[in-house]
Amino acid sequence: MVDSQTVSLYKKLMWVFGGAGLVFLGVLFVVSTDSFQGDHWLVSAIDDSTVLQSASSIFHGLSFLASKVMIMVLLAVLLVFLFFKKDYIGMISAFLLILSGDIINKAVKDAVERGRPLEGIEGYSFPSGHAMMGILIYGLIIFFLTKHMNSQKVAKRYQLAITLIVLLIGVSRILLREHFLTDVLAGYTLGLMWLIVGIFFYTLVYAYVKPSAEKVFPKGM
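Residue numbering for the sequence shown follows the working numbering, beginning at 3 and increasing consecutively.
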């Protein structure tokens, strides 16, 4: 049975889901109609900045934190962590969320068919896979660390640090001119929406399988 606290958190997440959905649709509209010139202005400004060009190695390092290799490594570590915590429902949920998220990202890219800011870069641009998959994997890490950690103060520190990493990943994709600003915004919002779907799935299954469990949602949420 889902308790009143969980129902309250469901409602909050639904508001976040709705807000993210509206932002995503708004970004999709301006991209489809090519009515936002800020994307191209920002790319030109980055092109003209020698300081940003000289710091490209830093941005590549940040970008790597949400690369396919890193996503697979982080997922493997998370699955091992959940295995030792005997959270088998979490293992299945995390695996399915990352797999389905990658499929959704590719499907939207193929549907929109937006070119990259720079020529010669493989694949479509909208939405940013690094932003979307980054928010999914790091969001899962925040969720499960908070759920299984005893110290909520330490959990809060992890939340802030990981959130900063996700934001820097998105910034790096823009500064490397791998993506437009709107690509990253779309990746964040679509990823956040799918993360919420995954959390709903996990908590509902968890509450059904383990109705007597004390914590469905982490205390820090």
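In this text, a Cβ means the ideal position worked out from N, Cα and C, and glycines have one as well. As the structure is a prediction and not an experimental result, all values here were calculated from the model.
Residue range 183-211 is occupied by the alpha helix (DSSP H) that includes residue 195. If the five residues before and after residue 115 are omitted, its C-beta is found closer than 7 angstroms to the C-beta atoms of 126, all from its own chain and listed in chain order. Taking C-beta atoms under 8 angstroms as the contact rule, residue 193 and residue 138 qualify, at a distance of about 5 angstroms. Uninterrupted beta strand (DSSP E) stretches at least 3 residues long and entirely within the segment 37-67 do not occur. DSSP, read as helix, strand or coil, puts residue 92 in helix.
Residue 87 sits in coil when the DSSP states are folded into three classes, being neither helix nor strand. For residue 170, same chain residues with a beta-carbon under 7 angstroms away, outside a window of 5 residues either side, are 64 in chain order.
Non-local C-beta neighbours of residue 196 in its own chain, meaning closer than 8 angstroms and more than five positions away in sequence, comprise 99, 102, 103, 106, 134, 138, ordered along the chain. Rounded to whole angstroms, the separation of the alpha carbons of residue 128 and residue 117 is 8 angstroms. Between residue 26 and the set 198, 187, 166, the nearest pair of CA atoms involves 187.
For residue 128, the secondary structure class from DSSP, reduced to helix, strand or coil, is coil.
The segment 78-86 makes contact with the segment 142-160: 3 or more CB pairs, one atom from each, lie closer than 8 angstroms. Residue range 154-177 is occupied by the alpha helix (DSSP H) that includes residue 172.
For the options 68, 152, 153, the alpha carbon positioned closest to that of residue 189 is the one of 68. Here the alpha carbon of residue 17 sits roughly 21 angstroms from the alpha carbon of residue 207.
Note on geometry: alpha-carbon atoms of residue 96 and residue 200 lie some 8 angstroms from one another. Taking 8 angstroms as the cut-off, the beta carbon of residue 48 is found closer than this to the beta carbon of residue 177. Residue 204 is a Cβ neighbour of residue 92, given a cutoff of 8 angstroms. With respect to residue 62, residue 130 sits apart: the two C-beta atoms are not nearer than 8 angstroms. In the same chain as residue 136, and ignoring 5 residues on each side of it, the C-beta atoms closer than 6 angstroms to its own belong to 68, 168, 171, in chain order.
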